[in-house]
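Counting in the numbering used here, the sequence shown runs from 61 upward without gaps.
Using N, Cα and C, we set each Cβ at its ideal position, and we do this for glycine too.
Worksheet for the structure shown next.
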Amino acid sequence: MKFTILGCGSSVGVPWITGNWGNCNKKNKFNIRTRCSAFVKKGNLSILIDTSPDIKKQLLDNNIKNIDYVLYTHEHADQTSGIFELRPFFWKNKKQIKIFANKKTLKTLKEKHDYCFFGGQGYIPILKGNLIKKNFSLIKKTDKLNIRSFYVNHGKIKSTAYVIDKLAYISDTNGIFFKDFSKLRGLKYLIIDCLKFNPHPSHFNLEQAVKISRKVDAKKTILTNLHSDLDYTLLKSSLPKNIIPAYDGMVLNL
Ligand SMILES: [Zn+2]
């Protein structure tokens, strides 16, 4: 299995649309961060996690030519607003793309992007919505991935954490429930929200992310959802060797 972090930026990315780089050194390409999305590949099976506003560029940059399934973490715009970019995959495969999301996310997506699910005005539905289960499998021919999901706090809402093989992806959270830490045992990679230095009501800051990393004790912790106050080189040099900042296009092999 190959896991690619397509984007590791906060909701505005780095640089911001205004050209603001915050504390990030603009000469370092690892500081160019698009919005959070990820891609999982096992054999012929291609799974996208979230459809960020940057999804078209992310897929082209990473030479991703097919999507079989989409998993959503939650309904926020930086995770979902690229959803209509999935249309060419439907045109290519002539098959509705199965998406998986929690109840609230699915409801929001169907309201905001109704044409993708219900068609209308000459368009046919391109997506089929499915509710996430705690444990489920995604299959394509002989390739299969078992996936575990659980809710984490994300400010006023819940977002979904995914455990795939020995990797956990938790891009947006400010709290993991005590009962769920047992699901994070024996991980090779923990990918976890680390928005900024200062505390935030819906994201982990650096101190909290490091604390979670110690508690989970994965072989490697990868910090994502990085805001413009976190410079890649400065952040990396301040961390122990088993905790590293993500960068766009980072590939993890399992
Ligand atoms: Zn969010």
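- Between the segment 183-196 and the segment 151-170, the count of C-beta pairs closer than 8 Å reaches three or more; the two stretches touch.
- If you ignore the 5 residues before and after Phe150, its C-beta comes within less than 7 Å of the C-beta of Gln156, Ile157 and Ile186, all in its own chain and listed in chain order.
- For the pair Lys125 and Lys62, the CB atoms are not nearer than the 7 Å cut-off.
- At a threshold of 6 Å, Asp110 does not count as near ligand 1, since its beta carbon sits no closer than that to any of the ligand's heavy atoms.
- About 7 Å separates the Cβ atoms of Ile304 and Lys280, confirming a contact at the 8 Å cut-off.
- Separation of the CB atoms of Arg95 and Ser112 is rounded to 4 Å, and the pair is thereby assigned contact status at 8 Å.
- Nearest in C-alpha terms to Lys275, of all of Asp240, Tyr211 and Thr293, is Asp240.
- Counting along the chain, Leu283 sits inside the beta strand (DSSP E) bounded by residues Lys280 to Thr284.
- Exposed is the label assigned to Phe178, since fewer than 16 other Cβ atoms lie within 10 Å of its Cβ.
- Relative to ligand 1, the beta carbon of Asp232 is positioned inside 6 Å of a heavy atom.
- Remark: the C-beta of His136 is in contact range of ligand 1, defined as less than 6 Å to any heavy atom.
- Counting along the chain, Ala137 sits inside the alpha helix (DSSP H) bounded by residues Ala137 to Thr140.
- For Tyr249, the secondary structure class from DSSP, reduced to helix, strand or coil, is strand.
- Per DSSP, Val270 is not a residue of any beta strand (DSSP E); the alpha helix (DSSP H) it occupies stretches across Leu266 to Val276.
- Secondary structure of Thr220 (DSSP, three-state): strand.
- Cα atoms of Thr140 and Thr293: separation of roughly 29 Å, rounded to the nearest angstrom.
- With fewer than 16 other Cβ atoms inside 10 Å of its own Cβ, Phe144 counts as exposed.
- When DSSP assignments are scanned along the segment 154-199, the uninterrupted stretches of beta strand (DSSP E) that are 3 or more residues long and fall wholly within it turn out to be 157-161 and 187-191.
- In the displayed model, Ile77 falls within coil according to three-state DSSP, outside both helix and strand.
- For Leu255, there is no enclosing alpha helix (DSSP H), as DSSP marks it with neither H nor E.
- Its chain contains Leu108 and Ile159 as the residues whose beta carbon lies nearer than 6 Å to that of Val130, once the 5 sequence neighbours on both sides are disregarded; these appear in chain order.
- With respect to the 7 Å criterion, Thr220 and Thr133 are classified as neighbours on the basis of their beta carbons.
- Partner residues in the beta bridge of Phe63, as assigned by DSSP, are Val100 and Leu312.
- Around the beta carbon of Val223, a 10 Å sphere encloses 16 or more other beta carbons of the protein chains shown; the residue is thus reported as buried.
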